[in-house]
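The structure appears below as structure tokens.
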Amino acid sequence: MRPRMRFASRLGSIVLSFAALACEAERVKDAGSAAPSAAATPSAAAWPELPRTPAAAAELIRTRTARDLAGLELAATSPEALLQAIAAAPAALVAGEPGVVAWIQGFLDRAASARRDGVVLYGSYHDAGGQIDAFRRLVGPLGLRGLTVVAVEQLRADGAWKGVPPELQRGDDAAIGAWLGGDRGALDALARRHAASDYAAWKFGYEPAVLDLLVTARAAGIRIAGCDLAASAQALLGDVPEGSRLRLREIHCLLSLPASAGPRRAALLWGQAHVRRDGIRRFLPPSTAALSIYAFGFRSGEGTTEAALGARLALTDPILVPLDPAGTEVALLYPDGPLAAAIDRVRSDTASKEAGLHVQLEGASGTLRVGDRVFPVGPEMRRLEAPPGDHAYVLDAGPLRFAGAIHLPAGGDLDLIFDPARRALALTEHPAP
Numbered sequence: 001m002r003p004r005m006r007f008a009s010r011l012g013s014i015v016l017s018f019a020a021l022a023c024e025a026e027r028v029k030d031a032g033s034a035a036p037s038a039a040a041t042p043s044a045a046a047w048p049e050l051p052r053t054p055a056a057a058a059e060l061i062r063t064r065t066a067r068d069l070a071g072l073e074l075a076a077t078s079p080e081a082l083l084q085a086i087a088a089a090p091a092a093l094v095a096g097e098p099g100v101v102a103w104i105q106g107f108l109d110r111a112a113s114a115r116r117d118g119v120v121l122y123g124s125y126h127d128a129g130g131q132i133d134a135f136r137r138l139v140g141p142l143g144l145r146g147l148t149v150v151a152v153e154q155l156r157a158d159g160a161w162k163g164v165p166p167e168l169q170r171g172d173d174a175a176i177g178a179w180l181g182g183d184r185g186a187l188d189a190l191a192r193r194h195a196a197s198d199y200a201a202w203k204f205g206y207e208p209a210v211l212d213l214l215v216t217a218r219a220a221g222i223r224i225a226g227c228d229l230a231a232s233a234q235a236l237l238g239d240v241p242e243g244s245r246l247r248l249r250e251i252h253c254l255l256s257l258p259a260s261a262g263p264r265r266a267a268l269l270w271g272q273a274h275v276r277r278d279g280i281r282r283f284l285p286p287s288t289a290a291l292s293i294y295a296f297g298f299r300s301g302e303g304t305t306e307a308a309l310g311a312r313l314a315l316t317d318p319i320l321v322p323l324d325p326a327g328t329e330v331a332l333l334y335p336d337g338p339l340a341a342a343i344d345r346v347r348s349d350t351a352s353k354e355a356g357l358h359v360q361l362e363g364a365s366g367t368l369r370v371g372d373r374v375f376p377v378g379p380e381m382r383r384l385e386a387p388p389g390d391h392a393y394v395l396d397a398g399p400l401r402f403a404g405a406i407h408l409p410a411g412g413d414l415d416l417i418f419d420p421a422r423r424a425l426a427l428t429e430h431p432a433p
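Per the working numbering, residue 1 is the first one in the sequence shown, and the count goes up by one each step.
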């Protein structure tokens, strides 16, 4: 169960109360007179009636589902499944932030080359503010290129549901547009409304991370939008069950996305329950190339996936793990908290005496995989033949597995000393003579 469900009772009472309607009225008032751009305004013709009963919600979800769900297998993201995926195909791992960005960029570029929409669905946990920061870097100036829109669950999108007064389905569009246009007061208004509406961000203290998304978007000229349904509109859903509410919020997000002149290249930030194949992906046309990313890291606690993985896995860099043969679902593991290995990187002034990769495993014997090459390693420093460049590595040392990225300089050498007892790696890079 994803962490957001821990707050279901509190959120449910907020959403279903008349206080939510009053709060939403204040949100509209705070937005001021700024209006969203025409490209960001939802087209009323595309919007259906907002369901008010469980049966109506189920029927809308059925008619809007565009992909075959028969026999659907959901991605396995348990600790055991993730460890098995790493062990099964270590050569398929992508390691290091630049490598991860390049891999995702390649997915979007292939979709654009085929004149297909490409959508990256980044699935976070609602108790992990660090994952919001990681997403911000992914879509920021040094991240993915050519995105037509970034949309996030933590902000609300205007709607045009039939049968709902416009003032009850206004989101943050006007304030976002005003902020991107240079209005500092609009950001202050967004901060106030977000603090009142995003209980998880308040509880876990990552409200600034959400606002930083807006700051990055303005600095980089990125179109950013809210994705969620306004609380006052959610209050009209009556006794529609939670599972159907999730799906209706996803439909709202897709209907509210700004139009694109060519193939859409979108990055959407949602909770993990939304990015699965039976979540928002079901509403995307089969022609859309969809990539689901399940993020792990920046979480603590004995009951987390990260804690269970950390007993067997030590990361020195982010790693991307394919979860299906087609490469449309991946896990993205960050080296933080229980998943992190201690790493000491040194760039030496002493030139290399013998170019190549030199590896030592303190107090044990194990196996190192660099790309598709496999080497036995042990307590004695050993020189290994590996091509220069950037590589993902996996080192098995008894029950512990290290994983991350290495850069072998052309003509230089790289010394790696692994210490399983300390979950540590000492890395020294020597330049070419």
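Think of the CB as a built atom: it goes at the ideal place given N, C-alpha and C, for glycine as much as any other residue.
The structure presented is a predicted model; accordingly, all values stated were derived computationally and were not measured.
- Secondary structure remark: continuous alpha helix (DSSP H) runs of at least 4 residues inside the segment 219-294, in chain order: 231-234, 242-256 and 272-275.
- Rounded to whole angstroms, L155 and V240 show a C-alpha spacing of 22 Å.
- In this structure, DSSP gives L361 an extended state, which the three-state scheme calls strand.
- The C-beta of P285 has fewer than 16 other C-beta atoms within 10 Å across all chains shown, which makes the residue exposed.
- With respect to the 8 Å criterion, E97 and P318 are classified as neighbours on the basis of their beta carbons.
- In the three-state DSSP reduction, G303 falls in the coil class, being neither helix nor strand.
- Closest by C-alpha distance to S365, out of D127, E354, A351 and E380, is E380.
- Residue range R184 to S197 is occupied by the alpha helix (DSSP H) that includes H194.
- Relative to H126, the option among R67, A295, A220 and L142 whose CA is nearest is A295.
- Contact annotation: the segment 46-64 does not touch the segment 78-98, with fewer than three C-beta pairs closer than 8 Å.
- Setting aside the 5 residues that flank it on each side, D344 is surrounded in the same chain by A426, each with a C-beta closer than 6 Å to its C-beta; the list follows chain order.
- The continuous beta strand (DSSP E) containing P322 extends over residues I319 to P322.
- Taking the Cβ atoms as the reference, G159 lies roughly 18 Å from A266, outside the contact range of under 8 Å.
- Residue pairing by DSSP puts P376 in a beta bridge opposite T367.
- If you draw a straight line from the Cα of A219 to the Cα of P399, it is about 45 Å long.
- Between L93 and V394, the C-beta spacing is below 8 Å.
- In the three-state reduction of the DSSP assignment, G146 falls in the coil class, being assigned neither a helical nor a strand state.
- The C-beta of W161 has 16 or more other C-beta atoms within 10 Å across all chains shown, which makes the residue buried.
- Nearest in C-alpha terms to P431, of all of I104, P388, A290 and F298, is P388.
- Between R281 and A342, the C-beta gap is not smaller than 8 Å, which leaves the two residues out of contact.
- Look at T216 here: in three-state DSSP terms it is helix.
- A direct Cα-Cα distance of roughly 17 Å separates A196 from Q169.
- The segment 71-86 makes contact with the segment 320-337; the number of CB pairs closer than 8 Å reaches 3 or more.
- A straight-line Cα-Cα distance of about 24 Å links T288 and A57.
- In this structure, the alpha-carbon of A230 lies about 53 Å from that of V374.
- DSSP, reduced to helix, strand and coil, places D109 within a helical segment of the structure shown.
- Judged by their CB atoms, T148 and S260 are nearer to each other than the 8 Å cut-off.
- By the C-beta density criterion, S292 is buried, having at least 16 other C-beta atoms within 10 angstroms.
- Counting along the chain, R137 sits inside the alpha helix (DSSP H) bounded by residues G129 to V139.
- For R116 and L108, the gap between their C-alpha atoms comes out near 9 Å.
- L357 and A66 have their C-alpha atoms some 50 Å from each other.
- For G310 against P338, the beta-carbon gap comes to about 3 Å, under 8 Å, which counts as contact.
- Between E250 and F283, the beta carbon gap of about 6 Å places them in contact (Cβ cut-off 8 Å).
- Pairing G123 with H274 gives a Cβ-Cβ distance under 8 Å.
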